[in-house]
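So in full-length UniProt numbering, spot 105 of the sequence shown is number 105, and the numbers just go up one at a time.
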Amino acid sequence: MFIDCLGPPKRTVTDAIITATIVLFLPDGPDPVRIKVEPGVPNGEAVEVIEGSNVTFSVETQSHPPAAYLWVFPNDSKPITSSFLTASTFTIYAVSREHEGTYSCLVSNSATQLSHLATLNFHVLERLTKPCVMPPNQTLVENASLVALTCQTAHERAAAQWFLRGQLLLPSKHLVLSADNRTLAIHGLQRNDTGPYECEVWNWSSRVRSDPLKLNIS
Numbered sequence: 001m002f003i004d005c006l007g008p009p010k011r012t013v014t015d016a017i018i019t020a021t022i023v024l025f026l027p028d029g030p031d032p033v034r035i036k037v038e039p040g041v042p043n044g045e046a047v048e049v050i051e052g053s054n055v056t057f058s059v060e061t062q063s064h065p066p067a068a069y070l071w072v073f074p075n076d077s078k079p080i081t082s083s084f085l086t087a088s089t090f091t092i093y094a095v096s097r098e099h100e101g102t103y104s105c106l107v108s109n110s111a112t113q114l115s116h117l118a119t120l121n122f123h124v125l126e127r128l129t130k131p132c133v134m135p136p137n138q139t140l141v142e143n144a145s146l147v148a149l150t151c152q153t154a155h156e157r158a159a160a161q162w163f164l165r166g167q168l169l170l171p172s173k174h175l176v177l178s179a180d181n182r183t184l185a186i187h188g189l190q191r192n193d194t195g196p197y198e199c200e201v202w203n204w205s206s207r208v209r210s211d212p213l214k215l216n217i218s
């Protein structure tokens, strides 16, 4: 007969080693910022939008803890928000010329005590309406020393250009444009200067041309 003298099997307990990764988030930022406008088109140091658009202003930055934002309207020392708020964007609906000016946003981090100020010049372009070519208030006679045509428009910021017989007018000693292109001077009027003449006002969004004007030369 076989007798088991070893008794029940022994169990070996192995201690479990637990490792943990601790990630420390050190205060950091904010990074330098700039103001973005959508939709908008840069023009020099300014950004332009079309009147009536819904416009969103925003800033982006890396910061821990999250940055606080303070927006300031143009021509107004009061902030848009009554206190520092975590709001990196805001929207103006149906923008108008009254909203033009310099916008500022102060981005700050309370932990690092750092801050950055971003500014933006904001222009609103009017929706263009048809200009009109104003004829000279004189009887047009061949060989007249000077005859002036004026491109009349309510849009001071719009660029202007002229067309002669449907083609872009190229200035010369005979056909002279003013510095702002709003006036066309014809020196030494000739029989073939009857036209027709058109002026066009335009910006990056649209362009509008006047009705043609034909001169009656005696």
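Even glycine gets a Cβ: it sits at the ideal position worked out from N, Cα and C.
Judged by DSSP in its simplified three-state form, D28 adopts strand. The beta-bridge partner set that DSSP reports for F122 consists of V47, G101.
Residue pairing by DSSP places Q152 opposite C132 in a beta bridge. C105 has its alpha-carbon roughly 13 Å from the corresponding atom of F122. Membership of Y93 in any beta strand (DSSP E) is not indicated, and neither H nor E is assigned to it by DSSP. Taking A46 as the centre and dropping the five residues before and after it, the same chain places the C-beta of N121, H123 closer than 6 Å to its C-beta, in chain order. Here A87 is not near Y103, since their CB atoms are 8 Å or more apart. Within the same chain, E51 come within 6 Å of R127 by CB-CB distance, once the 5 residues on both sides are set aside. Burial of A158 is indicated by the presence of at least 16 other C-beta atoms within 10 angstroms of its C-beta. Annotated as distal: E198 and R191, with beta-carbon spacing of 8 Å or more.
R191 sits in a helix when the DSSP states are folded into three classes. Cα atoms of L175 and G166: separation of roughly 16 Å, rounded to the nearest angstrom.
With a cut-off of 8 Å on Cβ pairs, the segment 179-193 is in contact with the segment 130-147, counting three or more such pairs. The DSSP-derived three-state label of S88 is coil. Excluding sequence positions up to five before and after V41, its CB lies within less than 6 Å of the CB of E48, W204, all in the same chain and listed in chain order. DSSP, read as helix, strand or coil, puts F73 in coil. For P30 against H116, the beta-carbon gap comes to about 6 Å, under 8 Å, which counts as contact.
Per DSSP, E38 is one residue of the beta strand (DSSP E) stretching across 35-38.
The three-state reading of DSSP puts T112 in coil, since its state is none of H, G, I, E or B.
Distance from the Cα of R207 is smallest, within the candidate group N54, N181, L168, A160, for A160.
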